[in-house]
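So that you can map any letter, position 103 of the sequence shown is 116 in our numbering, and since no number is skipped, the others follow by simple counting.
Before any comments, here is the structure.
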Amino acid sequence: MVNRLGTLPYGLSEVLDTHRVGLAGQSGGGFTAAQSMYEDRRIRAGIDLDGTLEFNQEPNGTNLSPVAAHGLDRPFLLMGREGSDHARTEPSWAAFWSHSTGWRRDLTLHGSRHQTYTDLAAVMPQTGLGQDIVEETIGTIDPTRAVTVIRACVTSFFDRWLRDRDDHVLDGPSASLPDVTFVW
């Protein structure tokens with residue numbers, strides 16, 4: 014295993030704390046974050062934003078990744094779209110959940126779609142496309158609200174596990190995040 018970052022921009026190596034590494038990704042990037050944590054213990058925390066944890070979804074649950082089959086012993090946040098209660102309907106998330114021993118949360122963002130977790134949530138409403146196309150792509154949640162909620166959850170998670178600052182946002186349902194369901 015290569016244990017270096019390569020050439021970094023001037024000054025960056027002086028502020029990086031390589032003992033506090035976290036990964037987050039959407040869709041395939043979420044899969045990559047989880048699998049990378051499984052393979053590299055230096056990664057302390059990770060987030061999967063609406064990504065399956067199996068190599069091929071057909072048929073469901075038959076191509077689990079090693080991270081789904083064995084889980085993690087470090088903090089991990091799963092955040093998925095509405096209508097796909099991942100812990101119950103996504104076999105790879107259910108397997109991951111049952112095999113993991115580290116701190117974990119499974120959240121659902123009301124009114125969201127798969128693309129809500131991408132830059133489209135911030136950009137698409139400004140394009141002049143019809144509301145029906147916007148809702149089909151990024152959901153019915155107000156795009157500004159979606160960005161705010163996702164940012165709050167991601168920031169809270171990494172603050173808690175990498176910066177030793179816990180705002181307790183991810184402890185359970187709260188009035189500050191009425192658009193989020195905690196799936197236990």
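From the three backbone atoms N, C-alpha and C, an ideal C-beta is built for every residue, glycine too.
In the three-state DSSP reduction, Asp184 falls in the helix class (H, G or I). For Gln144, the enclosing alpha helix (DSSP H) stretches over residues Gln144 to Ile151.
With respect to the 7 Å criterion, Val34 and Arg55 are classified as neighbours on the basis of their beta carbons. Proximity to Arg178 across Ala135, Ser169, Asp30 and Pro191 peaks at Ser169, based on C-alpha coordinates.
DSSP links Gly41 through a beta bridge to no other residue. Of all C-beta pairs linking the region 109–116 to the region 136–146, fewer than three are shorter than 8 Å, placing the two stretches out of contact.
Between the C-alpha atoms of Gly96 and Gln139 there is a straight-line separation of about 26 Å.
Under DSSP, Met92 shares a beta bridge with Leu62 and Leu120. In chain order, Phe195 place their CB closer than 6 Å to the CB of Pro186, counting only its own chain and leaving out the 5 sequence neighbours on each side.
Remark: C-beta atoms of Gly64 and Ser49 do not approach each other more closely than 7 Å. Looking at Tyr51, Asp61 and Leu29, the one whose alpha-carbon comes closest to that of Phe44 is Asp61.
By the neighbour-count definition (other C-beta atoms within 10 Å, threshold 16), Gly24 is an exposed residue. Sequence-distant partners of His123 (beyond 5 residues in either direction) whose C-beta falls short of 6 Å from its own C-beta, in its chain, are Glu95 and Asp192. Measuring C-alpha to C-alpha distances from Asp172 to each of Gly93, Phe89 and Pro79 identifies Phe89 as the nearest.
When secondary structure is reduced to three states using DSSP, Thr31 falls in the coil class, being assigned neither helix nor strand.
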